[in-house]
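Just below is one structure, and these are the notes that go with it.
There are 2 protein chains.
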Amino acid sequence: MSTKTIRVQADLLATNKQVAAEIRRELRSRGILCVNLLSSPGSGKTTLLEALADRLKDRIRMAVIEGDIETERDAERIRRKGVPAWQITTGGACHLEARMIGKVLGDVPAAIDFLFIENVGNLVCPASYDLGEDLRFVLLSSPEGDDKPAKYPQAFLSADCLILTKTDLIPYLPFDPARAAAEALSIKPGLRVFMVSALCGDGMDALVEYLVEALERLRSGRA
Amino acid sequence: MSTKTIRVQADLLATNKQVAAEIRRELRSRGILCVNLLSSPGSGKTTLLEALADRLKDRIRMAVIEGDIETERDAERIRRKGVPAWQITTGGACHLEARMIGKVLGDVPAAIDFLFIENVGNLVCPASYDLGEDLRFVLLSSPEGDDKPAKYPQAFLSADCLILTKTDLIPYLPFDPARAAAEALSIKPGLRVFMVSALCGDGMDALVEYLVEALERLRSGRA
Numbered sequence: 001m002s003t004k005t006i007r008v009q010a011d012l013l014a015t016n017k018q019v020a021a022e023i024r025r026e027l028r029s030r031g032i033l034c035v036n037l038l039s040s041p042g043s044g045k046t047t048l049l050e051a052l053a054d055r056l057k058d059r060i061r062m063a064v065i066e067g068d069i070e071t072e073r074d075a076e077r078i079r080r081k082g083v084p085a086w087q088i089t090t091g092g093a094c095h096l097e098a099r100m101i102g103k104v105l106g107d108v109p110a111a112i113d114f115l116f117i118e119n120v121g122n123l124v125c126p127a128s129y130d131l132g133e134d135l136r137f138v139l140l141s142s143p144e145g146d147d148k149p150a151k152y153p154q155a156f157l158s159a160d161c162l163i164l165t166k167t168d169l170i171p172y173l174p175f176d177p178a179r180a181a182a183e184a185l186s187i188k189p190g191l192r193v194f195m196v197s198a199l200c201g202d203g204m205d206a207l208v209e210y211l212v213e214a215l216e217r218l219r220s221g222r223a
Numbered sequence: 001m002s003t004k005t006i007r008v009q010a011d012l013l014a015t016n017k018q019v020a021a022e023i024r025r026e027l028r029s030r031g032i033l034c035v036n037l038l039s040s041p042g043s044g045k046t047t048l049l050e051a052l053a054d055r056l057k058d059r060i061r062m063a064v065i066e067g068d069i070e071t072e073r074d075a076e077r078i079r080r081k082g083v084p085a086w087q088i089t090t091g092g093a094c095h096l097e098a099r100m101i102g103k104v105l106g107d108v109p110a111a112i113d114f115l116f117i118e119n120v121g122n123l124v125c126p127a128s129y130d131l132g133e134d135l136r137f138v139l140l141s142s143p144e145g146d147d148k149p150a151k152y153p154q155a156f157l158s159a160d161c162l163i164l165t166k167t168d169l170i171p172y173l174p175f176d177p178a179r180a181a182a183e184a185l186s187i188k189p190g191l192r193v194f195m196v197s198a199l200c201g202d203g204m205d206a207l208v209e210y211l212v213e214a215l216e217r218l219r220s221g222r223a
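Structure follows, in structure tokens:
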């Protein structure tokens, strides 16, 4: 039983990787930078995307694919910002897979710069699935605690950037951002670390600048 | 492929259910009330158990099985409260299974009243696995947002109690506890709702009283 389970899982991941590679090729050929956002439920992924939409408006064009087990809520929040959004409801599944993104890709307008994918809120399973993104962000909100990287290492190991969110709450919490960052960096040396409060705006400028530079690198073939 | 995956998953859940039924029978025969705690990472499961340890001390005997992907951290925190604790590290797996609990059960002293199981921090996958518990608590911390029950329905549907945690942070957050409770109750009518701040102590007395009454019911055969 155990051997069978492992083989099925390995087949699934290999197929997923192939589909993800096709998506990555397709998006790069269109000059679109794709970012996959991973975190626990309620770490602030949608709120971060809303804040990015406000800041990029009239300057950079973005679109969002939202992943959730149930409800259209997050896509509706993004659409209210004037940003095109598609909701994938997994109906129980704990992560997005590349084939789900592939189904939506034809609807994504050619004339966009960034495609953000908000994964299902889960710090474990989504880490194993490449969605064809160029960058993976893992979010960790201050109320979750600074001890999380070592307890959920795969999400941090697979990420390009760590976004410490809800920094406005730090004064009310037993949370040490330096400890969280150091622990994540011990798992993934070279991880870029940002501290943001999407509600207050702190740290958002640095994140926007990083994204714009990454887009320029992609388009000049230096990605 | 898809059919095969589903069959393997169904077999796994059926086997898990059998093992869980044996664990439930065994624990009830020893007069031990077992509680399975489910939530996102960082919702306050370990902090709630620490607060329960402080309150039950010298009165009720408890033990804790801790589930995490990596690290012994949570078991160490519980042991510092003078409570016996066993750490199960799943090494990547996103949930506990009954067979993992079964392996530890022989080490749990006969003379305890409560066995708490802290599941892996994940609001999705653990909901499908019966661990042989008498009561299932789902925790939702105020910073996660009041929109979570409808987005992660299975965890709330399968629970006996909803514990809204970190209530001391509500003044600093866009969080409406009435909305969170109403949404959870629309998924699972009859769900018991508690509001607690384990750090400040608010609401802990009501939770302790509920647990003690549940233990009395179990021992008088009215469970």
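Chains as they are written, first to last, in our numbering: chain A, 1 to 223; chain B, 1 to 223.
Here a beta-carbon is modelled for each residue, glycine too, at the ideal position from N, C-alpha and C.
Nothing here was measured: the structure is a model prediction, and the numbers come from that model.
Quiz prompt | Simplified DSSP assignment, three categories, for Met1/A | solution = A caution first: Met1/A carries a pLDDT of 41, below 50, which makes its placement in the model unreliable, though a value can still be read off. Coil.
Practice problem: Can you give me the Cβ contacts of Leu115/B inside the same chain, cut-off strictly under 8 Å, excluding the 5 residues immediately before and after it? | Solution: Around Leu115/B: Leu27, Ile32, Leu33, Cys34, Val35, Met62, Ala63, Val64, Ile65 and Val108.
Practice problem: Pull up the distance between the alpha-carbon of Ile69/B and that of Arg59/A, whole angstroms please. | Solution: 42 Å
Quiz prompt | Residue environment, Arg80/A, which counts as buried when at least 16 other CB atoms sit within 10 Å | solution = exposed
Quiz prompt | Between the CA atoms of Tyr152/B and His95/A - distance to the nearest angstrom | solution = 12 Å
Quiz item: Buried or exposed: where does Met1/B fall if 16 or more other Cβ atoms within 10 Å of its Cβ makes it buried?
Solution: Any reading at Met1/B is ruled out, since the residue's pLDDT is 41, under 50, leaving its predicted position unreliable.
Quiz prompt | Within chain B, partners of Thr71/A - CB distance below 7 Å | solution = Ala150 and Lys151
Exercise. At 4 residues or longer, and completely inside the region 81 to 131 of chain B: list those alpha helix (DSSP H) runs for me, N to C.
Key: 98 to 105
Practice problem: State the CB to CB distance for the pair Leu199/A and Thr15/A, rounded to an integer number of angstroms; the pair is presumed to be in contact (CB under 8 Å). | Solution: About 39 Å separates the two Cβ atoms, so there is no contact after all.
Self-check item: Beta-carbon proximity of Ala51/B to Met204/B, cut-off 8 Å
Solution: yes
Exercise. Report yes if the C-beta distance between Ala155/A and Ala127/A is below 8 Å; otherwise report no.
Key: yes
Quiz item: Terminal residues of the continuous beta strand (DSSP E) containing Gly66/A?
Solution: According to the sequence shown, residue 66/A is Glu rather than Gly. Counting along the chain, the beta strand (DSSP E) containing Glu66/A begins and ends at Met62 to Asp68.
Quiz item: Taking the runs of the beta strand (DSSP E) that are 3 residues or longer, which of them lie wholly in the region 162 to 217 of chain B?
Solution: 192 to 195
Exercise. Could you check which residue in Asp113/A, Val19/A, Glu22/A and Asp74/A has the C-alpha nearest to that of Lys57/A?
Key: Taking each of Asp113/A, Val19/A, Glu22/A and Asp74/A in turn and checking the Cα distance to Lys57/A, the smallest one comes out for Asp113/A.
Quiz item: Checking contacts by CB at 8 Å: is Asp147/B closer than that to chain A?
Solution: yes
Practice problem: Give the DSSP-derived three-state secondary structure of Asp11/B in the structure shown. | Solution: helix
Self-check item: Cross-chain neighbours of Cys125/A in chain B, by beta carbon under 9 Å
Solution: By Cβ distance, chain B contributes Cys94, Asn122, Val124 and Cys125.
Quiz prompt | contact_flag[the region 163 to 171 of chain A, the region 183 to 198 of chain A] where n(CB pairs < 8 Å) is 3 or more | solution = These segments touch.
Practice problem: Would you list the one or two residues that DSSP bridges to Phe137/B? | Solution: Leu37/B and Cys161/B
Practice problem: Kindly list, in the order they appear in chain A, the residues whose Cβ is closer than 8 Å to that of Gly42/B. | Solution: Ser40, Ser141, Pro143, Glu144, Gly145 and Lys148
Self-check item: Backbone CA spacing between Glu22/B and Val120/B [nearest angstrom]
Solution: 22 Å
Quiz item: In chain B, which residues lie with their C-beta within 7 Å of the C-beta of Gln18/A?
Solution: The contacting residues do not exist; Gln18/A stays about 13 Å from chain B at best.
Self-check item: Chain-ordered neighbours of Asp68/A on chain B, where CB pairs are closer than 8 Å
Solution: Lys151
Quiz prompt | Close Cβ partners of Leu169/A (< 7 Å) along its chain, the five nearest in sequence each way excluded | solution = Ser142 and Pro143
Self-check item: Nearest candidate by alpha-carbon position, reference Arg219/A, set Gln9/A, Leu13/A, Ala20/A and Arg25/A
Solution: Arg25/A
Quiz item: Name the chain B residues whose beta carbon is nearer than 7 Å to that of Tyr172/A?
Solution: Leu169 and Tyr172
Quiz item: Leaving out the 5 sequence neighbours to the left and right, which residues in its chain are closer than 8 Å to Pro177/B when beta-carbon positions are compared?
Solution: Ser142, Asp146, Leu164, Thr167, Ile170 and Met195
Self-check item: Buried or exposed by the 16-neighbour rule on C-beta atoms within 10 Å, applied to Leu13/A
Solution: By the Cβ neighbour-count rule, Leu13/A is exposed, with fewer than 16 other Cβ atoms within 10 Å of its own.
Exercise. Could you round the C-beta distance between Arg55/A and Val208/A to whole angstroms and report it? I think they count as a contact, below 8 Å.
Key: By a beta-carbon distance limit of 8 Å, Arg55/A contacts Val208/A. Their separation comes to about 5 Å.
Quiz item: Does Lys166/B come within less than 8 Å of chain A when only Cβ atoms are used?
Solution: Cβ-Cβ to chain A under 8 Å: yes for Lys166/B.
Quiz item: Taking 8 Å as the CB-CB cut-off, is Gln154/B touching chain A?
Solution: Chain A contact via Cβ: present.
Self-check item: Limits of the alpha helix (DSSP H) - the one that Lys148/B falls within
Solution: Lys148 to Lys151
Practice problem: Give the straight-line distance between the Cα atoms of Ala150/A and Thr71/B, rounded to the nearest whole angstrom. | Solution: 7 Å
Quiz item: What are the boundary residues of the alpha helix (DSSP H) that Lys57/B is part of?
Solution: Note, Lys57/B: premise wrong, no alpha helix (DSSP H); not H, not E.
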